[in-house]
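Structure, as structure tokens:
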Amino acid sequence: KNQVEQSPQSLIILEGKNCTLQCNYTVSPFSNLRWYKQDTGRGPVSLTIMTFSENTKSNGRYTATLDADTKQSSLHITASQLSDSASYICVVSGPNFGNEKLTFGTGTRLTIIP
Amino acid sequence: NAGVTQTPKFRVLKTGQSMTLLCAQDMNHEYMYWYRQDPGMGLRLIHYSVGEGTTAKGEVPDGYNVSRLKKQNFLLGLESAAPSQTSVYFCASSLTRNTGELFFGEGSRLTVL
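Line order of the protein sequences matches chains A and V.
Every number in our numbering is 32 more than the matching position in the first sequence, counting from 1.
Every number in our numbering is 1317 more than the matching position in the second sequence, counting from 1.
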């Protein structure tokens, strides 16, 4: 069964610090990997989408990396802000699969404290 | 543009009651999806649609029905609500099927007593 495992489950860091969230997946074959940010009580919002041929992708202070060989991805947040407090969800898709076949992780809940 | 709009945002039902969740998108997207989100679990697909007049079952379709009579609207119905359907429901849409970014609504929190 295709799985997406995220770690840690939760993380608390001081404002201004950097952090890295991890995503391991077993989806095979693999097509693309996405990171979403979900604020409390809101819907997920897309941060990055990477295909199997991409190693890194940035969106402002968010940088996602992908190692398709080890089936690992990470999301690095630089100079964290209070507004970064949210859940971050890793989502994986296989080739020839549409969005109806996405596998969602359970998310990492990030809390930024002043 | 409003993007994806869900109504209602909150609803409390008694076991056995019926209700309909409405999802509307103004981005002219072909593909629309209904998910449920439960604590400790990833989003799970209930039903989806690849265009006006079409619907298909997702991972957890039992107890739900859907309709897509108009391209911009995707309705999720519960005919006889059960406590196990207590959840947060998200609608999403995408322009393309494979790598198209999913745009989510704000969610509808449903409690079944």
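Just so you know, even glycine gets a beta-carbon here, dropped at the ideal spot from N, CA and C.
Note that the structure is predicted; figures quoted are calculated from it, not measured.
Cutoff 7 Å: V/G1370 Cβ touching any chain A Cβ: For this step, residue 1370 of chain V is matched to residue 53 along the second sequence. By the rule that beta-carbons nearer than 7 Å mark a contact, V/G1370 does not touch chain A.
message: Tell me which residues share the same chain as A/N87 and place their Cβ nearer than 8 Å to its Cβ, disregarding the 5 neighbours each side in the sequence.
response: Here residue 87 of chain A refers to the residue found at position 55 when the first sequence is read from its first residue. Same-chain partners within the cutoff: T97, L98 and D99.
message: For A/G81 and V/Y1381, what's the separation of their Cα atoms in angstroms?
response: Working through the first sequence from its first residue, we reach residue 81 of chain A at position 49. Working through the second sequence from its first residue, we reach residue 1381 of chain V at position 64. Looking at the sequence shown, residue 81 of chain A is not Gly but Ile. The C-alpha of A/I81 lies about 30 Å from the C-alpha of V/Y1381.
message: So, under 8 Å CB-CB, V/V1321 and V/Q1334 are touching, yes? Tell me the CB distance rounded to an integer number of Å.
response: Walking along the second sequence from the start, residue 1321 of chain V turns up at place 4. Walking along the second sequence from the start, residue 1334 of chain V turns up at place 17. Actually they do not touch by this definition, with Cβ atoms about 26 Å apart.
Helix, strand or coil at A/N56 according to DSSP, with G and I counted as helix: Here residue 56 of chain A corresponds to residue number 24 of the first sequence, with the count starting at 1. Three-state result, A/N56: strand.
- prompt: Quick one: is A/P76 buried, meaning 16 or more other Cβ sit within 10 Å of its Cβ, or exposed?
  reply: Sequence index remark: in the first sequence, residue 76 of chain A carries index 44 (1-based). By the 10 Å Cβ count, A/P76 comes out buried.
Beta-carbon contacts of V/V1405 that lie in its chain and below 6 Å, excluding the five residues immediately before and after: Indexing the second sequence from 1 puts residue 1405 of chain V at position 88. Closer than 6 Å at the Cβ level, and outside the excluded window around V/V1405, lie Q1354, G1424 and R1426.
field: Minimum Cβ-Cβ distance from A/T138 to chain V less than 7 Å
entry: Stepping through the first sequence from its first residue, residue 138 of chain A is reached at position 106. Answer yes: the Cβ-Cβ gap between A/T138 and chain V drops below 7 Å somewhere.
- request: Anything in chain A within Cβ reach of V/S1411, meaning under 9 Å, just list it in chain order.
  value: As a position in the second sequence, residue 1411 of chain V is number 94, starting the count at 1. Near V/S1411 (Cβ distances below 9 Å), the residues of chain A are G130 and N131.
- prompt: Taking the continuous beta strand (DSSP E) assigned at A/K69, which residues delimit it?
  reply: Indexing the first sequence from 1 puts residue 69 of chain A at position 37. Counted as a single uninterrupted DSSP element, the beta strand (DSSP E) harbouring A/K69 occupies residues N64 to Q70.
task: Would you mind telling me which residues of chain A sit closer than 8 Å to V/M1344, beta carbon to beta carbon, in chain order?
output: Reading the second sequence from its first residue, position 27 is the one you call residue 1344 of chain V. None at all; the shortest Cβ gap to chain A is about 13 Å.
task: Spell out the partners DSSP gives V/L1342 in its beta bridges.
output: One-based indexing of the second sequence puts residue 1342 of chain V at position 25. Per the sequence shown, residue 1342 of chain V should be read as Gln rather than Leu. In the DSSP output, where bridge partners are listed per residue, V/Q1342 has V/V1321.
- prompt: Should A/R66 be labelled buried (16 or more other beta-carbon atoms within 10 Å of its own) or exposed?
  reply: Residue numbering aside, residue 66 of chain A sits at position 34 when the first sequence is read from its first letter. Taking all protein chains in view, the Cβ of A/R66 is crowded by 16 or more other Cβ atoms within 10 Å, so the residue is classified as buried.
task: Could you spell out where the beta strand (DSSP E) holding A/K89 opens and where it closes?
output: One-based indexing of the first sequence puts residue 89 of chain A at position 57. T88 to N91 is the span of the beta strand (DSSP E), which, as asked, contains A/K89.
message: Counting only C-beta atoms, is V/T1324 closer than 7 Å to chain A at any point?
response: In the second sequence, residue 1324 of chain V corresponds to position 7, counting from 1. Answer no: the Cβ-Cβ gap between V/T1324 and chain A never drops below 7 Å.
query: Hey, how far is the Cα of V/L1395 from the Cα of V/V1377?
result: Working through the second sequence from its first residue, we reach residue 1395 of chain V at position 78. Working through the second sequence from its first residue, we reach residue 1377 of chain V at position 60. Cα atoms of V/L1395 and V/V1377: separation of roughly 13 Å, rounded to the nearest angstrom.
query: From this set, V/T1337, V/N1415 and V/T1371, which residue's C-alpha is nearest V/K1388's C-alpha?
result: Taking the first residue of the second sequence as position 1, residue 1388 of chain V is located at position 71. With distances taken between Cα atoms, V/K1388 lies closest to V/T1371.
- request: Report the three-state DSSP secondary structure of V/K1374 (helix, strand or coil).
  value: Start at 1 with the first residue of the second sequence, and residue 1374 of chain V comes out as number 57. Here V/K1374 carries a strand assignment [DSSP, helix/strand/coil].
query: Can you name, in chain order, every residue of its own chain whose Cβ lies under 6 Å from the Cβ of A/R119, other than the five neighbours on each side?
result: Within the first sequence, the letter at position 87 stands for residue 119 of chain A. Sequence inspection shows Ser at residue 119 of chain A; the Arg mentioned does not correspond to that position. Cβ neighbours of A/S119 beyond the five flanking positions: Q70, G139 and R141.
- prompt: Is any beta-carbon of chain A found at less than 7 Å from that of V/F1391?
  reply: Residue 1391 of chain V sits at position 74 when you count from the first residue of the second sequence. Closer than 7 Å: no.
field: Status (buried if at least 16 other CB within 10 Å, exposed otherwise) for V/N1345
entry: Counting from one through the second sequence, the residue named residue 1345 of chain V turns up at place 28. With fewer than 16 other Cβ atoms within 10 Å, it is exposed.
message: Given this structure, state the Cα-to-Cα distance separating A/S78 from V/F1420, to the nearest angstrom.
response: As a working mapping, residue 78 of chain A is identified with position 46 in the first sequence. As a working mapping, residue 1420 of chain V is identified with position 103 in the second sequence. Distance between the alpha carbons of A/S78 and V/F1420: 8 Å.
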